[in-house]
Every structure is written in C-alpha cells, then in structure tokens.
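Colleague:
Protein chains: 2
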Amino acid sequence: MSPITQAEGFGLESVARDGAARRGRLVTPHGVIDTPNFMAVATFGAVRGISATELAEAGAQILLSNTYHLHERPGEATVQTLGGLHGFTGWRGPWLTDSGGFQVTSLSDRARVDESGVTFTSPLDGQRRTLTPENTIGIQEALGSDIAMVLDECIPVTTSEDGEPDTSRMNRAMERTLRWAERAQRARQRASQAVFAIVQGGASETLRRASAKATAGLEFDGYAHGGLGLGETREQRRAAVATANAALPADRPRYLMGLGKPLDLLDGIAAGVDLFDCVVPTRNGRHGLLFTSQGSLSLRNARFAADSEPVDPACSCPACRDHSRGYLRHLIKTGESLGSRLASLHNLTYYFNLMRRARAAIEQGTFPDLHGEIEALAEVRL
Amino acid sequence: MSPITQAEGFGLESVARDGAARRGRLVTPHGVIDTPNFMAVATFGAVRGISATELAEAGAQILLSNTYHLHERPGEATVQTLGGLHGFTGWRGPWLTDSGGFQVTSLSDRARVDESGVTFTSPLDGQRRTLTPENTIGIQEALGSDIAMVLDECIPVTTSEDGEPDTSRMNRAMERTLRWAERAQRARQRASQAVFAIVQGGASETLRRASAKATAGLEFDGYAHGGLGLGETREQRRAAVATANAALPADRPRYLMGLGKPLDLLDGIAAGVDLFDCVVPTRNGRHGLLFTSQGSLSLRNARFAADSEPVDPACSCPACRDHSRGYLRHLIKTGESLGSRLASLHNLTYYFNLMRRARAAIEQGTFPDLHGEIEALAEVRL
Numbered sequence: 030m031s032p033i034t035q036a037e038g039f040g041l042e043s044v045a046r047d048g049a050a051r052r053g054r055l056v057t058p059h060g061v062i063d064t065p066n067f068m069a070v071a072t073f074g075a076v077r078g079i080s081a082t083e084l085a086e087a088g089a090q091i092l093l094s095n096t097y098h099l100h101e102r103p104g105e106a107t108v109q110t111l112g113g114l115h116g117f118t119g120w121r122g123p124w125l126t127d128s129g130g131f132q133v134t135s136l137s138d139r140a141r142v143d144e145s146g147v148t149f150t151s152p153l154d155g156q157r158r159t160l161t162p163e164n165t166i167g168i169q170e171a172l173g174s175d176i177a178m179v180l181d182e183c184i185p186v187t188t189s190e191d192g193e194p195d196t197s198r199m200n201r202a203m204e205r206t207l208r209w210a211e212r213a214q215r216a217r218q219r220a221s222q223a224v225f226a227i228v229q230g231g232a233s234e235t236l237r238r239a240s241a242k243a244t245a246g247l248e249f250d251g252y253a254h255g256g257l258g259l260g261e262t263r264e265q266r267r268a269a270v271a272t273a274n275a276a277l278p279a280d281r282p283r284y285l286m287g288l289g290k291p292l293d294l295l296d297g298i299a300a301g302v303d304l305f306d307c308v309v310p311t312r313n314g315r316h317g318l319l320f321t322s323q324g325s326l327s328l329r330n331a332r333f334a335a336d337s338e339p340v341d342p343a344c345s346c347p348a349c350r351d352h353s354r355g356y357l358r359h360l361i362k363t364g365e366s367l368g369s370r371l372a373s374l375h376n377l378t379y380y381f382n383l384m385r386r387a388r389a390a391i392e393q394g395t396f397p398d399l400h401g402e403i404e405a406l407a408e409v410r411l
Numbered sequence: 030m031s032p033i034t035q036a037e038g039f040g041l042e043s044v045a046r047d048g049a050a051r052r053g054r055l056v057t058p059h060g061v062i063d064t065p066n067f068m069a070v071a072t073f074g075a076v077r078g079i080s081a082t083e084l085a086e087a088g089a090q091i092l093l094s095n096t097y098h099l100h101e102r103p104g105e106a107t108v109q110t111l112g113g114l115h116g117f118t119g120w121r122g123p124w125l126t127d128s129g130g131f132q133v134t135s136l137s138d139r140a141r142v143d144e145s146g147v148t149f150t151s152p153l154d155g156q157r158r159t160l161t162p163e164n165t166i167g168i169q170e171a172l173g174s175d176i177a178m179v180l181d182e183c184i185p186v187t188t189s190e191d192g193e194p195d196t197s198r199m200n201r202a203m204e205r206t207l208r209w210a211e212r213a214q215r216a217r218q219r220a221s222q223a224v225f226a227i228v229q230g231g232a233s234e235t236l237r238r239a240s241a242k243a244t245a246g247l248e249f250d251g252y253a254h255g256g257l258g259l260g261e262t263r264e265q266r267r268a269a270v271a272t273a274n275a276a277l278p279a280d281r282p283r284y285l286m287g288l289g290k291p292l293d294l295l296d297g298i299a300a301g302v303d304l305f306d307c308v309v310p311t312r313n314g315r316h317g318l319l320f321t322s323q324g325s326l327s328l329r330n331a332r333f334a335a336d337s338e339p340v341d342p343a344c345s346c347p348a349c350r351d352h353s354r355g356y357l358r359h360l361i362k363t364g365e366s367l368g369s370r371l372a373s374l375h376n377l378t379y380y381f382n383l384m385r386r387a388r389a390a391i392e393q394g395t396f397p398d399l400h401g402e403i404e405a406l407a408e409v410r411l
C-alpha cells in the first residue's frame with residue numbers, strides 16, 4: 030500500500046487575505062471550519078463542565094482532545110467501540126487530537142526521549158510505555174479524529190552554559206522531529222484522517238525556516254508550529270511563526286499549538302496562522318479571570334461583590350445574559366461548579382467571537398485595526 | 030403591629046386525595062407548585078453545576094437554599110442588594126430557605142445550643158455568632174425566599190444509658206422548638222413570606238403528636254417534620270409522620286425535611302406529605318449513582334465501560350438523550366465536571382418525573398400501585 034499523503038475529504042479553501050492574514054474554509058469529513066479559528070480543549074473528550082450543545086451555541090466549530098489522556102482512560106479501544114470521538118462524546122463536528130508526546134513529557138518527570146519515541150511511566154498503573162511516531166498515529170486513528178498530529182520532540186527555548194541559545198540541542202530536536210514525521214507519514218492507514226506535521230526550531234529563525242522547509246517537503250495535510258509559548262519573547266515568537274509560514278505551502282492549514290491569550294491569537298493570525306488551541310479561556314474562567322470587550326477582570330476582586338452588571342454588557346453568553354458579576358463572583362468564591370462552567374463558557378464565547386471578528390476584518394481589509402484594538406485591550410484590567 | 034400569621038399570596042389548594050396522599054396546588058408569590066413535589070438543594074444559591082434553565086426544563090418548580098451558607102457567603106445584605114434570591118440567582122420561581130440551625134449544628138463541632146439560640150464558631154473568620162429564632166427570620170426575610178423555616182432544635186433519635194429512647198431529652202428539644210417557633214412568629218415583618226414551623230419529637234409517636242398539636246396551635250403557613258432520617262427505622266419514620274400529620278391542619282402544606290431516596294418520598298406522600306428536599310439526587314449523581322426506571326446503577330461498575338446504551342432508555346434528560354453509559358462512566362471516573370453535572374441532572378429529572386407520576390396516580394386513585402412499584406425497585410441494582 031502506498032503511503033497516504035493527503036486525506037480524503039479534507040482541504041483548505043481560500044476566501045480572503047489581508048496582508049499575511051488568511052481567511053479560509055477548512056473542509057473536513059465532519060464539517061467545515063471557518064478559519065482563522067480557535068479549538069476549545071476537551072482533554073478527556075469533554076470541555077470541562079460544558080456540553081457539546083453549549084459549545085455549538087457559543088460558536089465552536091472544532092474541538093481538540095488529548096491522545097495521551099484518552100489512551101490512559103478509557104483507552105482508544107473503548108472510544109472506538111463507542112463510535113470514535115464523535116459518537117463517544119456527542120460532539121459531531123470535527124475533532125483534532127494531539128500526539129500525546131507533549132503531555133507525556135510535561136506530565137512525567139521520568140519521561141525518556143530517544144530515537145524510538147517517548148518512554149514514560151504511567152501514573153495510572155506504574156507501567157513503562159512508549160509513544161512512538163507509529164503508535165501515536167495508530168491511537169489517533171482508533172480515536173477517529175479528523176486531524177491527527179505527528180509525534181514531535183518539543184523542547185523549551187534552551188540556553189547553553191554561556192547563556193546563548195543552545196542551537197545544537199534545538200537542531201537535534203528539530204532533526205529528530207523530522208525523522209519522526211517521516212515515520213508517522215509511512216504509518217498512516219486511515220485515508221479519511223488528515224495528519225499535520227510540526228515545525229520546531231525554538232526561537233531561532235534559521236532553524237524554524239529549515240524545519241518548515243524540510244517538513245513541507247514531506248507533504249502533510251497541514252502544518253503546526255510547536256514548541257512556542259515556552260519562554261521566548263513575543264517578538265521572537267512572531268518572527269519564528271512568520272519565517273516558518275513563508276516556507277510552508279499556502280494551500281495547507283497552519284496551526285499554532287497551545288497558544289494563547291487573545292493577543293497571541295491576533296499575532297498568529299497576522300503571521301498567517303489558521304488554527305489555535307489553548308486552555309487559557311477555560312482555565313482562566315475556572316479561576317474567575319474573564320475577558321471582556323472592555324478589558325479583562327478578576328471576579329475575585331472584592332469590588333465586584335455587589336455588582337449587578339453582567340460581566341460584559343456586549344456579550345450574549347448565558348453568563349452575561351442571565352447573571353450579574355456579583356452572583357458569578359459568589360459562585361467562584363464558594364467553589365460552586367456552576368461558576369466555573371459559566372465563566373469558562375463566557376471566555377470561550379469571547380474567543381469564538383474574536384475569531385469571528387478576525388475573519389470579518391480580514392474580509393473587509395481591516396484586520397490591522399482589530400489587531401491594534403486587541404493589543405491595547407491586553408493591558409486593560411477592569 | 031400585630032404579628033403576621035398568614036402570608037399574603039400564599040396558600041394550598043386541594044386537587045385530589047388517594048387515602049392519606051394529597052394532590053394539591055401550593056400558591057406562592059413567585060408561582061404555583063404542584064404538590065407533592067421535590068425541592069432541589071441549591072446550597073449557595075446554585076444547584077451544583079446546573080443552571081436555572083436546565084432545572085426548569087427538568088421539571089423543577091421550587092428550589093431550596095441554605096440560610097447559614099448564604100449568611101456566611103456572600104451575606105444576606107449582598108443577596109438583597111442583588112435582587113434577593115430570585116434576582117441574585119436567576120431562578121425566578123419559588124424559593125424555600127431553611128433556618129440555618131441544622132447546618133450550624135451539623136457542620137460545627139463547637140456549636141452550643143441554649144434557650145437564646147445556637148451559638149457557633151464561623152469556619153470563615155473564627156468569630157462566635159448566634160442564630161436566634163428572631164435573626165434567622167430576619168436573615169431569611171433579607172434573602173427574600175417565598176417560604177422561610179423557623180429555627181428548631183434538631184437532635185438525632187437518642188437513647189439513654191440503658192438503651193431506651195431518651196424521651197426526656199427529646200421532650201426538652203421539642204418544647205424548646207415550640208418556644209422558638211412562638212418567638213419566630215412574633216419576629217415576622219414580611220407579609221409576603223410564608224413561614225413554616227417544625228414538628229419534632231424523635232421517633233416517639235407520643236411526642237410527635239404532642240409537638241404537632243401544639244405547633245398547629247401557633248397558626249403557621251405550613252408545617253415541617255424535622256429530625257427524621259437520623260437513625261430511626263422506616264416504620265418509626267412512617268408512624269412519626271402519619272401521627273403528626275393527623276394533628277396538623279389539612280389546609281396547610283406539610284414538608285418532610287431532608288429526605289430522601291425515592292421510596293422515602295413515596296412513603297411520605299402516602300402519609301400525607303406535600304414537599305420534600307434532599308441532596309441525594311445531586312450527591313449520588315456526583316458519585317455516579319443513578320436512579321432509573323429499572324433500578325439504580327453505579328456508573329463506576331466496570332461492566333458499563335463500553336456500554337453504548339443510555340443510562341435509562343425511558344428518560345429524556347440531556348444525559349440519556351445525548352450520551353452512553355460508557356461515556357458518562359468515563360467522565361465520572363476521570364473527575365470531569367460534565368459527568369457530575371449530567372448525572373445530577375439525570376437524577377433530578379428522575380425525581381421530578383417521580384413526583385409527576387405520584388401526582389397523576391393520586392388523581393387517578395392508583396397511588397398504592399406506584400408506591401408498590403417503587404418499593405420493589407428500591408432493591409434492584411442494575
């Protein structure tokens with residue numbers, strides 16, 4: 030069987046551009062995603078506390094789930110038996126799964142990376158297990174996601190002993206990621222699942238360019254920027270993404286992994302990114318940190334205790350439609366799970382609306398104005 | 030000002046009877062409650078993880094909130110500023126609040142009860158505070174509930190040193206509860222709030238009869254059975270409730286506090302009870318213990334891991350409509366809050382449907398059949 034290099038029923042259509050910012054439509058077997066777009070994180074196959082219906086009403090078009098977590102519990106065989114991610118969870122739209130490598134490396138202090146893959150001790154049963162470029166594809170095929178990610182070696186922006194960037198270490202990780210991508214490409218067996226490869230190279234523009242160029246040569250369905258948000262500056266990140274994007278094919282989707290705050294998303298879109306994911310809206314929501322059209326606010330602040338205003342008068346999410354800041358603050362302060370749920374849903378609504386505004390701005394050629402607005406808002410605390 | 034003994038806009042209309050079981054309509058300033066009915070517990074002004082909209086869709090007609098908890102956080106003044114319980118929480122239907130006495134006594138091992146009231150150490154600020162018959166009414170008036178409860182002295186079914194029921198201690202608690210009820214009645218200032226007094230007397234039919242008779246003489250808007258579910262047998266409880274009900278006025282609602290499982294509710298209805306509350310459906314739901322039309326089941330049981338059936342094919346709640354037992358089990362096992370939410374909502378839906386069936390059965394004169402069905406189901410584990 031010849032290797033699969035392009036998934037059936039999958040592809041990016043261009044709608045508009047504004048500078049490097051791209052407005053597109055990403056067609057998948059389970060629906061079309063308007064890009065740029067944001068993927069809410071459903072670690073165990075559920076966005077914490079929020080139903081599929083609520084996500085759809087808030088504007089979600091694609092969810093992300095974590096392969097490592099589902100592999101541990103309930104196991105990909107069970108997910109497959111219960112209809113794959115779509116049937117298992119009830120979210121019938123597109124799914125993206127990560128490779129599990131990043132989770133394993135960051136959750137286990139005993140993970141060991143060598144050429145074969147990532148070997149780790151399961152916190153569940155204490156057994157040693159290895160994620161390889163091949164078996165992570167197999168697990169994701171069983172999970173049934175629309176988009177799978179290759180295993181990559183993800184290292185933080187590292188410095189050598191003299192305080193300079195440790196280019197040789199980053200170079201080795203980049204080279205290995207490339208070899209793993211080739212192995213993943215050869216392991217594919219499911220024609221209806223897209224696979225994205227991952228560009229590495231730390232904060233070095235030279236390495237990012239080289240990584241993107243070589244990865245693009247492997248002809249994946251899409252490409253991701255990995256290893257960012259791990260210590261580099263905003264300018265380094267913007268340059269790394271823009272440089273890599275220039276070396277990636279224009280007709281394939283680009284995904285900036287694990288980032289971030291609203292301004293990070295706008296920076297990414299300005300550099301030509303199409304997809305994002307991050308736990309920030311849900312995690313911040315659980316902590317009472319909310320994004321609004323006027324700036325962000327912490328509901329734990331005592332001055333909201335008797336505030337009868339909604340979190341954001343411009344927002345129509347259930348939290349803002351039905352409740353006051355005072356009530357939401359009370360729920361967060363008392364640890365009532367309805368508070369986490371409503372605050373997370375509000376933040377996700379904010380993110381989906383922001384992506385909607387970004388798409389409209391690109392179509393209208395006003396994206397730089399929106400980018401400037403969000404840059405100014407990033408500093409505002411209500 | 031003469032004391033308020035009957036709330037405005039409040040009253041019980043009789044619809045039907047079947048033996049001692051009563052089918053009625055309880056009119057309150059914020060809506061009509063079909064009785065018998067079950068009140069979901071919204072400790073801090075929210076049923077754990079569940080929205081007011083979902084509660085209404087599941088069939089809830091009245092919620093219960095805990096005065097002690099709201100008094101501590103956010104304080105009744107804040108609740109009042111934000112529109113009372115109705116405006117504060119977004120549940121616009123009727124609210125019942127407890128007096129706080131039971132919570133204080135059960136949560137604090139340093140609570141001291143004397144004639145003035147219940148003095149306790151706040152776990153929040155370490156200060157000593159006293160709940161009195163008067164100030165619990167004042168707090169509940171500020172909270173704005175439709176039905177307030179008097180402070181009572183609630184003691185478990187006690188035994189003296191020779192193993193016999195400690196009638197003298199129960200008698201003292203009953204007498205004090207009666208004196209406190211009189212004080213509460215004199216303290217009322219809000220004409221649109223009903224107040225229920227509480228019958229005590231442990232498992233002694235003699236004491237229950239005496240308590241009910243004396244309490245009824247104080248002319249409250251309704252009456253509750255307190256101090257049950259604390260160690261007495263099913264037969265003792267049924268006798269205590271039936272005996273007290275015979276001494277209570279037929280035209281006032283009767284509320285069995287803090288109970289219980291489905292069969293406890295049916296037992297209560299058979300003895301002429303109109304209202305119930307309990308944390309069982311929500312707490313059991315969080316633990317993965319679900320009630321179904323075929324018996325109860327524990328989602329933690331491994332045999333549900335790959336079960337694609339809904340929890341209860343006869344149920345139309347969001348959990349049963351959209352999800353499999355396998356997925357819900359996975360959510361409960363991984364501690365995903367969506368699992369607690371869906372399981373709690375399922376159990377509440379079961380309770381509300383059970384109350385609907387009880388009302389219909391009373392109207393049709395078939396309540397004993399339903400009672401027998403639930404008695405048989407109580408033993409069935411799926």
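Residue numbers (my numbering), protein chains in the order written: chain A, 30 to 411; chain B, 30 to 411.
Positions of the beta carbon are idealized from the N, C-alpha and C atoms, including for glycine.
1. Name, going along the chain, the residues of the segment 100-114 of chain B whose beta-carbon falls closer than 7 Å to a beta-carbon of chain A.
2. Using a beta-carbon distance below 8 Å, is residue 365 of chain B in contact with chain A?
3. Alpha carbons only, please: which of B:260, B:157, B:170 and B:121 is nearest the one belonging to residue 128 of chain B?
4. Below 8 Å, how does it come out for the segment 232-246 of chain B and the segment 190-200 of chain B: are there three or more Cβ pairs, yes or no?
5. On the DSSP bridge list, what partners appear for residue 149 of chain A?
6. Which of the residues in the segment 48-72 of chain B, read from start to end, lie with their CB under 7 Å from any CB of chain D?
7. List the residues of chain A that residue 168 of chain B touches, going by C-beta distances under 8 Å, in chain order.
8. Determine which residues of the segment 332-361 of chain A have a Cβ less than 9 Å from any Cβ of chain B, and write them out in chain order.
9. My output table needs one value for residue 168 of chain A: the three-state DSSP class, helix, strand or coil.
10. Select from A:33, A:41 and A:152 the residue whose C-alpha is nearest the C-alpha of residue 281 of chain A.
11. Check the Cβ-Cβ distances between residue 412 of chain B and every residue of chain A, and say whether any is below 8 Å.
12. Give a yes or no on whether the minimum CB-CB distance between residue 78 of chain B and chain A is below 8 Å.
13. Indicate whether at least one CB of chain B lies closer than 8 Å to the CB of residue 370 of chain A.
14. Could you please give me the residues that DSSP links to residue 374 of chain A through a beta bridge?
15. Which term fits residue 83 of chain A, buried or exposed, when burial requires 16 or more other beta carbons within 10 angstroms of its beta carbon?
16. Alpha carbon to alpha carbon, how far is residue 183 of chain A from residue 136 of chain A? Give it in angstroms, no decimals.
17. Between residue 185 of chain B and the rest of its own chain, which residues show a CB-CB distance below 6 Å, the 5 nearest in sequence each way excluded?
18. Once DSSP output is grouped into helix, strand and coil, what is the label at residue 63 of chain A?
19. Need the endpoints of the beta strand (DSSP E) that residue 47 of chain A sits in, please.
20. Residues of chain A with a CB under 7 Å from the CB of residue 75 of chain B: which are they?
21. Relative to the C-alpha of residue 173 of chain A, which residue among A:390, A:263, A:117 and A:85 is closest?
22. Rounded to the nearest angstrom, what separates residue 302 of chain A and residue 97 of chain B at their Cα positions?
23. Where does residue 228 of chain B land, buried or exposed, given buried means 16+ other C-beta within 10 angstroms?
24. Please find out if some non-hydrogen atom of the ligand MN comes closer than 7 Å to the beta-carbon of residue 336 of chain A.
25. As a quick exercise: from B:368, B:33 and B:401, pick the residue whose alpha carbon is nearest that of residue 216 of chain B.
26. How many angstroms separate the CA atom of residue 292 of chain B from the CA atom of residue 400 of chain B?
27. Does DSSP put residue 409 of chain B in a helix, in a strand, or in coil?
28. Give me the Cβ distance between residue 376 of chain A and residue 313 of chain A, rounded to the nearest whole Å; I'm assuming they're in contact under 8 Å.
29. Residue 273 of chain B and residue 238 of chain B - do their beta-carbons sit closer together than 8 Å?
30. Reducing DSSP to helix, strand and coil, say where residue 24 of chain A ends up.
31. Are the CB atoms of residue 74 of chain A and residue 99 of chain A nearer to each other than 8 Å?
32. How would you call residue 214 of chain A, buried or exposed, if buried means at least 16 neighbouring beta carbons within 10 angstroms?
33. Under a Cβ-count criterion, where at least 16 other Cβ atoms within 10 Å of its own Cβ denotes burial, should residue 53 of chain A be classed as buried or exposed?
34. Does DSSP classify residue 235 of chain B as helix, strand or coil?
Modeller: To lay it out plainly:
1. Here the close residues are 102, 103, 107, 110 and 111.
2. Residue 365 of chain B counts as touching chain A.
3. Residue B:170 holds the alpha-carbon nearest to the alpha-carbon of residue 128 of chain B among B:260, B:157, B:170 and B:121.
4. These segments touch.
5. According to the DSSP secondary-structure assignment, residue 149 of chain A is paired through a beta bridge with A:158.
6. Included in the structure are the protein chains A and B, with no chain D among them.
7. For residue 168 of chain B, no chain A residue has a C-beta closer than 8 Å to its own C-beta; the minimum C-beta separation is roughly 16 Å.
8. Sequence-ordered contacts of the segment 332-361 of chain A with chain B read 334, 335, 336, 337, 347, 351, 352, 353, 355, 356, 358, 359 and 360 [C-beta pairs closer than 9 Å].
9. Residue state, collapsed to three classes: helix.
10. Relative to residue 281 of chain A, the option among A:33, A:41 and A:152 whose CA is nearest is A:41.
11. In this structure chain B extends from 30 to 411, so residue 412 of chain B is not present and cannot be described.
12. Interface residue, yes.
13. It does; some Cβ of chain B falls within 8 Å.
14. Beta-bridge partners assigned by DSSP to residue 374 of chain A: none are found.
15. It counts as buried.
16. Distance between the alpha carbons of residue 136 of chain A and residue 183 of chain A is about 13 Å.
17. Excluding sequence neighbours, residue 185 of chain B sits near 259 and 260.
18. Residue 63 of chain A falls in the strand class under three-state DSSP.
19. For residue 47 of chain A, the enclosing beta strand (DSSP E) covers residues 40-47.
20. For the C-beta of residue 75 of chain B, the chain A residues within less than 7 Å are, from N- to C-terminus, 360, 365 and 367.
21. Across the set A:390, A:263, A:117 and A:85, the C-alpha of A:117 shows the shortest separation from the C-alpha of residue 173 of chain A.
22. Each residue's Cα considered, the two are about 52 Å apart.
23. By the neighbour-count criterion, in which 16 or more other beta carbons inside 10 Å mark a residue as buried, residue 228 of chain B falls on the buried side.
24. As presented, the structure is devoid of all ligands, the ligand MN included, so that no description of it is given.
25. Comparing Cα positions, the closest option is B:33.
26. C-alpha separation (whole angstroms): 8 Å.
27. Reduced to three states, the DSSP call for residue 409 of chain B is coil.
28. Rounded, the Cβ-Cβ distance is 6 Å, consistent with contact.
29. Yes.
30. Since the displayed chain A opens at 30 and closes at 411, residue 24 of chain A lies outside it and no answer follows.
31. Contact flag set, yes.
32. A residue is called buried once 16 or more other Cβ atoms fall within 10 Å of its Cβ, and residue 214 of chain A is buried on that count.
33. Buried is the call here.
34. Three-state result, residue 235 of chain B: helix.
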